[in-house]
Amino acid sequence: MSTLDLSPAGLVGRATTERALLVCGAVAGPLFTLAWIVESATRADYNPLRHPVSTLELGDPGWTQVANFLVAGVLGVAFAVGLWRALRPLGGSTWGPLLVGAFAIGLIGAGLFATDPVSGYPPGTPDLRGYSTHGALHDLFSVFTFAGLPAACFVFARRFAGWHERGWSIYSVATGVVFSIAFVLASMGFSQVPGLVAFGGLFQRLTITTGWTWLTLLAVSLLRRSPAPENTAV
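Plus 30 on top of the position in the sequence shown (first one is 1) and you've got this note's numbering.
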(Lines of atoms letter the chains of each structure in order from A; the text may use other names.)
(Lines give C-alpha, C1' and ligand atoms only; values in the text may rest on other atoms or scores of the structure.)
Protein backbone atom coordinates (compact mmCIF):
# COMPACT_ATOMS: atom_id res chain seq x y z
CA MET A 31 0.00 0.00 0.00
CA SER A 32 1.27 3.46 -0.85
CA THR A 33 2.37 5.97 1.75
CA LEU A 34 -0.28 8.44 2.90
CA ASP A 35 0.17 11.62 0.90
CA LEU A 36 -1.60 14.59 2.44
CA SER A 37 0.79 17.20 1.08
CA PRO A 38 -0.61 20.09 -0.97
CA ALA A 39 0.46 18.32 -4.17
CA GLY A 40 -1.31 15.16 -3.10
CA LEU A 41 -4.51 16.97 -2.19
CA VAL A 42 -4.93 19.20 -5.24
CA GLY A 43 -8.62 19.47 -5.95
CA ARG A 44 -9.71 20.13 -2.37
CA ALA A 45 -12.98 22.05 -2.56
CA THR A 46 -13.96 25.01 -0.40
CA THR A 47 -16.86 22.97 0.97
CA GLU A 48 -14.54 20.18 2.03
CA ARG A 49 -12.28 22.58 3.91
CA ALA A 50 -15.28 24.13 5.64
CA LEU A 51 -16.36 20.69 6.82
CA LEU A 52 -12.88 20.04 8.22
CA VAL A 53 -12.97 23.41 10.01
CA CYS A 54 -16.13 22.21 11.76
CA GLY A 55 -14.06 19.40 13.24
CA ALA A 56 -11.30 21.76 14.31
CA VAL A 57 -13.60 24.09 16.25
CA ALA A 58 -16.16 21.64 17.68
CA GLY A 59 -14.02 20.32 20.53
CA PRO A 60 -12.66 23.66 21.77
CA LEU A 61 -16.13 25.23 21.70
CA PHE A 62 -17.70 22.29 23.54
CA THR A 63 -14.96 22.30 26.17
CA LEU A 64 -15.04 26.06 26.71
CA ALA A 65 -18.81 25.94 27.17
CA TRP A 66 -18.83 23.27 29.88
CA ILE A 67 -15.92 24.92 31.69
CA VAL A 68 -17.83 28.21 31.91
CA GLU A 69 -21.05 26.45 32.86
CA SER A 70 -19.34 24.37 35.56
CA ALA A 71 -17.81 27.47 37.10
CA THR A 72 -21.09 29.37 37.24
CA ARG A 73 -23.48 26.73 38.61
CA ALA A 74 -24.14 26.77 42.33
CA ASP A 75 -23.48 23.45 44.09
CA TYR A 76 -22.05 21.91 40.93
CA ASN A 77 -18.82 19.95 41.45
CA PRO A 78 -16.98 19.13 38.19
CA LEU A 79 -14.95 16.47 39.98
CA ARG A 80 -18.12 14.60 40.95
CA HIS A 81 -20.89 15.49 38.53
CA PRO A 82 -21.17 14.60 34.83
CA VAL A 83 -21.24 17.21 32.09
CA SER A 84 -24.73 16.04 31.13
CA THR A 85 -26.26 17.22 34.40
CA LEU A 86 -25.49 20.77 33.31
CA GLU A 87 -28.64 20.35 31.19
CA LEU A 88 -30.76 20.33 34.34
CA GLY A 89 -32.19 23.39 36.05
CA ASP A 90 -33.11 26.83 34.73
CA PRO A 91 -29.83 27.54 32.88
CA GLY A 92 -29.74 24.02 31.45
CA TRP A 93 -30.57 25.25 27.94
CA THR A 94 -26.94 26.34 27.54
CA GLN A 95 -25.67 22.76 27.80
CA VAL A 96 -28.50 21.54 25.59
CA ALA A 97 -27.33 24.01 22.97
CA ASN A 98 -23.74 22.93 23.57
CA PHE A 99 -24.59 19.30 22.84
CA LEU A 100 -26.58 20.19 19.73
CA VAL A 101 -23.99 22.54 18.25
CA ALA A 102 -21.12 20.13 18.93
CA GLY A 103 -23.14 17.29 17.43
CA VAL A 104 -23.97 19.17 14.23
CA LEU A 105 -20.36 20.27 13.84
CA GLY A 106 -19.26 16.68 14.45
CA VAL A 107 -21.56 15.32 11.75
CA ALA A 108 -20.21 17.92 9.33
CA PHE A 109 -16.67 16.88 10.21
CA ALA A 110 -17.50 13.23 9.60
CA VAL A 111 -18.62 14.15 6.09
CA GLY A 112 -15.43 16.17 5.63
CA LEU A 113 -13.34 13.22 6.75
CA TRP A 114 -15.05 10.95 4.26
CA ARG A 115 -14.48 13.42 1.44
CA ALA A 116 -10.86 14.07 2.40
CA LEU A 117 -9.87 10.42 2.73
CA ARG A 118 -12.00 9.00 -0.07
CA PRO A 119 -9.17 9.18 -2.68
CA LEU A 120 -7.03 7.00 -0.41
CA GLY A 121 -9.58 4.20 -0.20
CA GLY A 122 -11.07 2.54 2.88
CA SER A 123 -12.49 5.78 4.24
CA THR A 124 -15.98 4.59 5.18
CA TRP A 125 -15.85 3.11 8.68
CA GLY A 126 -13.73 5.78 10.36
CA PRO A 127 -15.91 8.73 9.30
CA LEU A 128 -19.05 6.67 9.96
CA LEU A 129 -17.98 6.07 13.56
CA VAL A 130 -17.10 9.74 14.01
CA GLY A 131 -20.59 10.49 12.74
CA ALA A 132 -22.06 8.08 15.29
CA PHE A 133 -20.12 9.91 18.02
CA ALA A 134 -21.65 13.18 16.86
CA ILE A 135 -25.19 11.82 16.55
CA GLY A 136 -24.89 10.66 20.15
CA LEU A 137 -24.19 14.25 21.17
CA ILE A 138 -27.28 15.47 19.33
CA GLY A 139 -29.38 12.83 21.09
CA ALA A 140 -27.89 13.80 24.44
CA GLY A 141 -29.01 17.35 23.78
CA LEU A 142 -32.52 16.40 22.73
CA PHE A 143 -33.10 14.16 25.76
CA ALA A 144 -31.94 15.42 29.15
CA THR A 145 -30.24 13.11 31.60
CA ASP A 146 -31.67 12.14 34.97
CA PRO A 147 -30.07 13.63 38.12
CA VAL A 148 -26.73 12.00 38.96
CA SER A 149 -24.67 11.92 42.16
CA GLY A 150 -26.86 14.44 43.96
CA TYR A 151 -27.08 17.08 41.27
CA PRO A 152 -29.19 19.15 41.07
CA PRO A 153 -29.26 19.55 44.87
CA GLY A 154 -32.26 18.02 46.60
CA THR A 155 -33.03 15.45 43.92
CA PRO A 156 -33.64 11.96 45.30
CA ASP A 157 -31.78 8.86 44.14
CA LEU A 158 -33.74 7.36 41.28
CA ARG A 159 -34.71 3.70 41.35
CA GLY A 160 -35.18 3.60 37.59
CA TYR A 161 -34.73 5.64 34.45
CA SER A 162 -37.17 8.22 33.20
CA THR A 163 -37.98 7.96 29.49
CA HIS A 164 -35.84 10.96 28.59
CA GLY A 165 -33.05 9.74 30.86
CA ALA A 166 -33.04 6.33 29.21
CA LEU A 167 -32.95 7.90 25.74
CA HIS A 168 -30.12 10.19 26.85
CA ASP A 169 -28.05 7.21 27.95
CA LEU A 170 -28.96 5.27 24.81
CA PHE A 171 -27.66 8.03 22.57
CA SER A 172 -24.60 8.37 24.79
CA VAL A 173 -23.67 4.82 23.80
CA PHE A 174 -23.11 6.10 20.26
CA THR A 175 -20.77 8.76 21.61
CA PHE A 176 -18.77 6.72 24.07
CA ALA A 177 -18.52 3.62 21.86
CA GLY A 178 -18.19 5.39 18.53
CA LEU A 179 -15.16 7.51 19.36
CA PRO A 180 -12.79 4.77 20.60
CA ALA A 181 -13.93 2.51 17.78
CA ALA A 182 -13.07 5.28 15.32
CA CYS A 183 -9.64 5.62 16.94
CA PHE A 184 -8.88 1.94 16.45
CA VAL A 185 -10.15 1.95 12.86
CA PHE A 186 -8.02 4.97 12.03
CA ALA A 187 -5.04 3.43 13.82
CA ARG A 188 -5.18 0.53 11.39
CA ARG A 189 -5.56 2.86 8.42
CA PHE A 190 -2.70 5.07 9.54
CA ALA A 191 -0.49 2.02 9.94
CA GLY A 192 -1.29 1.03 6.37
CA TRP A 193 -0.48 4.55 5.21
CA HIS A 194 2.87 4.40 7.10
CA GLU A 195 1.81 7.19 9.47
CA ARG A 196 3.28 5.47 12.52
CA GLY A 197 2.95 8.43 14.87
CA TRP A 198 -0.72 8.90 14.13
CA SER A 199 -1.32 5.16 14.40
CA ILE A 200 0.21 4.98 17.88
CA TYR A 201 -1.56 8.15 18.99
CA SER A 202 -4.90 6.79 17.79
CA VAL A 203 -4.47 3.54 19.72
CA ALA A 204 -3.41 5.43 22.85
CA THR A 205 -6.43 7.71 22.57
CA GLY A 206 -8.81 4.78 22.21
CA VAL A 207 -7.32 3.00 25.23
CA VAL A 208 -7.23 6.04 27.53
CA PHE A 209 -10.73 7.07 26.45
CA SER A 210 -12.14 3.62 27.17
CA ILE A 211 -10.47 3.20 30.57
CA ALA A 212 -11.45 6.68 31.75
CA PHE A 213 -15.02 6.10 30.57
CA VAL A 214 -15.30 2.88 32.58
CA LEU A 215 -14.00 4.64 35.69
CA ALA A 216 -16.43 7.52 35.17
CA SER A 217 -19.34 5.12 34.75
CA MET A 218 -18.39 3.35 37.96
CA GLY A 219 -18.31 6.68 39.76
CA PHE A 220 -21.74 7.67 38.48
CA SER A 221 -23.00 4.25 39.58
CA GLN A 222 -21.98 5.24 43.12
CA VAL A 223 -19.08 2.80 43.45
CA PRO A 224 -17.31 3.67 46.74
CA GLY A 225 -14.00 5.40 46.21
CA LEU A 226 -14.93 6.52 42.68
CA VAL A 227 -18.20 8.40 43.14
CA ALA A 228 -16.38 11.59 44.17
CA PHE A 229 -14.31 11.53 40.97
CA GLY A 230 -16.83 10.44 38.35
CA GLY A 231 -16.90 13.91 36.81
CA LEU A 232 -13.12 14.09 36.70
CA PHE A 233 -12.82 10.79 34.86
CA GLN A 234 -15.57 11.78 32.45
CA ARG A 235 -13.81 15.03 31.65
CA LEU A 236 -10.61 13.09 31.03
CA THR A 237 -12.61 10.87 28.69
CA ILE A 238 -14.19 13.59 26.60
CA THR A 239 -11.09 15.81 26.56
CA THR A 240 -8.98 12.91 25.32
CA GLY A 241 -11.47 12.22 22.54
CA TRP A 242 -12.01 15.82 21.49
CA THR A 243 -8.26 16.46 21.42
CA TRP A 244 -7.75 13.59 18.99
CA LEU A 245 -10.57 14.77 16.74
CA THR A 246 -9.36 18.37 16.81
CA LEU A 247 -5.77 17.46 15.97
CA LEU A 248 -6.95 15.17 13.18
CA ALA A 249 -8.97 18.00 11.66
CA VAL A 250 -6.13 20.51 12.02
CA SER A 251 -3.66 18.06 10.49
CA LEU A 252 -5.86 17.56 7.44
CA LEU A 253 -6.40 21.29 7.07
CA ARG A 254 -2.69 22.07 7.27
CA ARG A 255 -1.83 19.52 4.63
CA SER A 256 -4.60 20.46 2.23
CA PRO A 257 -4.30 23.20 -0.41
CA ALA A 258 -6.18 26.46 -0.07
CA PRO A 259 -9.13 26.80 -2.45
CA GLU A 260 -7.39 29.37 -4.63
CA ASN A 261 -4.52 26.94 -5.19
CA THR A 262 -6.79 24.07 -6.13
CA ALA A 263 -6.51 22.74 -9.64
CA VAL A 264 -9.68 22.43 -11.69
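Using N, Cα and C, we set each Cβ at its ideal position, and we do this for glycine too. A quick note: this is a predicted structure, and the numbers were derived from the prediction, not measured.
Worksheet item: Helix, strand or coil for Y201 per DSSP?
Response: helix
Fill in: Which of helix, strand or coil DSSP assigns to V148
strand
Practice prompt. Output the distance between the C-alpha atoms of A116 and P152, rounded to the nearest integer angstrom.
Written response: When rounded, the separation of the alpha-carbon atoms in A116 and P152 is 43 Å.
Practice prompt. Throw me the rounded Cβ distance for the V250 and A56 pair, which I believe falls under 8 Å.
Written response: 5 Å
Fill in: Local conformation of A263 per DSSP, three classes
Caution applies to A263, whose pLDDT of 38 falls short of 50 and renders its modelled position unreliable; the model cannot decide the point.
Worksheet item: Hey, quick one: how far does the alpha helix (DSSP H) through G55 stretch, first residue to last?
Response: T46 to T72
Worksheet item: When the Cα atoms are used, what is the spatial distance from W93 to F229?
Response: 25 Å
Worksheet item: Going along the chain, which residues of its own chain have a beta-carbon closer than 8 Å to the beta-carbon of S202, five neighbours each way excluded?
Response: C183, F184, F186, A187, F190 and W244
Practice prompt. Tell me, please, whether the stretch 117–127 touches the stretch 56–65 by the rule of three or more beta-carbon pairs shorter than 8 Å.
Written response: no
Worksheet item: Assuming G112 and F133 make a contact with CB atoms under 8 Å, what is their CB distance in whole Å?
Response: About 14 Å separates the two Cβ atoms, so there is no contact after all.
Worksheet entry | Contact set for W242: own chain, Cβ-Cβ below 7 Å, skip 5 residues either direction | G59, F62 and T63
Practice prompt. Identify whether R88 lies in helix, strand or coil by the three-state DSSP scheme.
Written response: Per the sequence shown, residue 88 should be read as Leu rather than Arg. Looking at L88 - three-state DSSP - the assignment turns out to be coil, as it is neither helix nor strand.
Worksheet item: By how many angstroms is the C-alpha of G141 removed from the C-alpha of R254?
Response: 31 Å
Worksheet entry | Identity of the residue in L129, F99, S84 and T46 nearest I138 by Cα | F99
Fill in: Continuous alpha helix (DSSP H) stretch holding R188: start and end
T163 to G192
Worksheet item: Roughly how many angstroms separate the alpha carbons of A216 and D90, rounded to a whole number?
Response: Spanning the two alpha carbons is a distance of roughly 26 Å.
Discussion item. Could you check whether L88 and P127 sit closer than 8 Å to each other, using their CB atoms as the reference points?
Written reply: no
Item to complete: Report yes if the C-beta distance between F143 and L51 is below 8 Å; otherwise report no.
Response: no
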